[in-house]
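Below you'll find the structure, written out as structure tokens, and then a few comments.
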Amino acid sequence: MNALPFVNSKDIRAHLEKIGYTFSPTEMAWLIFQSRNHTLAEKHAAWRELAEEYPDVVFDAKYPEYVDAPPESLSDYLRLYIDTEEKLLLEFSKNNGSFVYCVEPLDEDFILGGNANEVFMRAFSDYETCIEALKEWYQKALAQYEEVTDRAKYKIYCRSINNAPVRLSSVIVRGDGEVLSLIDPEGWNETEDFSPYHRFDFMWFSFPVPFHKGDILWNPARGGSGFCRGPLVMYDITPEHYVRTGRIGCDDTDMNVWGYFQNEDGTIYREVTSNYMDFEYYPPEKLTDKRRILIALSNLVKEKIDVELFSAAYLHILAEEAAKATKPQTFTELGGATKIKKV
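Written as structure tokens, this is what we have:
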């Protein structure tokens, strides 16, 4: 089975292919789990192939000490996982009159156009009607709005109308109605402190990556503005950190990138975020305006320039961008105001 298509980052995917990296069965199982763009049906098909055609192994992931996770058959676990997700999804979609369904967009650049109010601002009595309404709107919006893409994702959630228990509260779907993932289902033995359903969340891996200290990276799925969003200048990354320290990871939230992000006003801050397997090189053509500061910071981190030169560039760019932001619309490059035509 080719696990490379399940790697979210196109740059890491290309690097792993270039070096001929061989995935372990457990690594393949986790990559399938965390894929952002494969449907649930595609993931289940890949897990079945892994369980049926590969020699069985025990989990070789690195668990934290506080998790009681004895070795078990990967094949048996994958079959159990698939069976449970299918049952939960069937239960979610078959309304017995106790629930209503709603849908909301997950994209930051979502455009509320067309008949969107009839889809995103109402409750549906059954899952099928909700899905069909989304699909109808999506096909029209895809042709009408450039902000709506074939990568757009939506959350469908159900709400109890008579306090009926809900084991699966929501799913993530594409605009064509295909389910991508289930959100925090509670379909396993709730008496256990460590739910087997979340076993994938407690996996940790150190895959080879092409990135180096000072590279400008981003997670395309977390673009835009906000905390730990947009590009960062990498200071450290789990694979390099692991080689230096031999640290054993805890879970997938410890598969990290350390670096310098940028606030909307151009100032910078240092933070750590996950998951490094989602990061790619930031497009250089986007390093304009205040983003130019990241170029100087990258050179500083790579020790190509000193702090004095970086500080000068940092202050100059901030001042230049502040002047541009406060420049009146009627201002000319000759230094005077243009004539405003009276109406």
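For the sequence shown, the numbering used here assigns the number 1 to the initial residue and increments by one for each residue that follows. Ideal Cβ placement from N, Cα and C applies to all residues, glycine included.
- Distances from the alpha-carbon of Asp289 to those of Ala319, Val307, Ala51 put Ala319 closest.
- By the C-beta criterion, the region 231-244 is judged to be in contact with the region 211-221, since at least 3 inter-stretch pairs fall below 8 Å.
- Inter-segment contact for the region 8-23 and the region 203-211 is present: three or more beta-carbon pairs are separated by less than 8 Å.
- Put simply, the region 92-105 touches the region 155-166. At least three CB pairs are less than 8 Å apart.
- Annotated as proximal: Lys155 and Leu106, with beta-carbon spacing under 8 Å.
- For a cut-off of 8 Å, the C-beta gap from Ile237 to Phe261 is around 15 Å, too long to register as a contact.
- For Leu4, the CB contacts under 7 Å within the same chain, skipping 5 residues up- and downstream, are Arg13, Leu16, Glu17 in chain order.
- Put simply, of Cys102, Phe6, Val257, Glu27 the residue whose alpha carbon is nearest the alpha carbon of Thr39 is Phe6.
- Cys228 sits in coil when the DSSP states are folded into three classes, being neither helix nor strand.
- Per the coordinates, the alpha-carbon of Ala152 lies some 18 Å from the alpha-carbon of Glu118.
- For Ile317, the three-state secondary structure derived from DSSP is helix.
- Rounded to whole angstroms, the separation of the alpha carbons of Thr26 and Glu53 is 14 Å.
- For the pair Ala141 and Ile131, the Cα-to-Cα distance works out to about 15 Å.
- Beta-carbon to beta-carbon, Ala325 and Ala313 are separated by about 18 Å, too far to satisfy the 8 Å threshold.
- As DSSP reads the structure, Trp258 sits in a beta bridge with Asp236, Val272.
- Taking C-beta separations shorter than 8 Å and ignoring five residues to either side along the sequence, the partners of Lys213 in its chain run Met234, Tyr235, Asp236, Glu240, Val301, Lys302, following chain order.
- The criterion of a C-beta distance shorter than 8 Å is not satisfied by Asn299 and Ser274.
- Of the other Cβ atoms in all chains shown, 16 or more fall within 10 Å of the Cβ of Ile317; this residue is therefore buried.
- The C-beta distance from Asp56 to Leu74 rounds to 6 Å, short enough to meet the 8 Å contact threshold.
- Its chain contains Glu264 as the residues whose beta carbon lies nearer than 6 Å to that of Ser225, once the 5 sequence neighbours on both sides are disregarded; these appear in chain order.
- In the DSSP assignment, Arg48 falls within the alpha helix (DSSP H) that extends over 40-53.
- Per DSSP, the continuous beta strand (DSSP E) segment holding Trp218 begins and ends at 216-218.
- Residues of the same chain with a CB within less than 8 Å of the CB of Asn8, apart from the 5 flanking positions on each side, are Gln34, Ser35, Arg36, Asn37, Ala221, Met277, Asp278 in chain order.
- Residue burial is scored here from C-beta neighbours: Gly97 has fewer than 16 other C-beta atoms within 10 angstroms and is therefore classed as exposed.
- Taking each of Trp258, Arg159, Gln139 in turn and checking the Cα distance to Tyr242, the smallest one comes out for Trp258.
- Judged by DSSP secondary structure, Tyr157 falls within the beta strand (DSSP E) whose first and last residues are 153-160.
- In the displayed model, Glu17 falls within a helix according to three-state DSSP.
- Nearest neighbour of Met121 by Cα position, chosen from Ser181, Tyr127, Cys102, turns out to be Cys102.
- In the DSSP assignment, Val119 falls within the alpha helix (DSSP H) that extends over 117-120.
- Here Phe59 is actually not in contact with Ile161; their C-beta atoms are around 41 Å apart, not less than 8 Å.
- Residues of the same chain with a CB within less than 6 Å of the CB of Arg270, apart from the 5 flanking positions on each side, are Tyr260 in chain order.
- With fewer than 16 other Cβ atoms inside 10 Å of its own Cβ, Glu308 counts as exposed.
- Burial is judged here by how many other beta carbons sit within 10 angstroms of a residue's own beta carbon; Ala41 has fewer than 16 and is exposed.
- Burial check for Ser311: the Cβ neighbour count within 10 Å stays below 16, so the residue is exposed.
- Residue pairing for Glu104: DSSP places it in a beta bridge opposite Lys155.
- For the pair Glu128 and Leu50, the Cα-to-Cα distance works out to about 31 Å.
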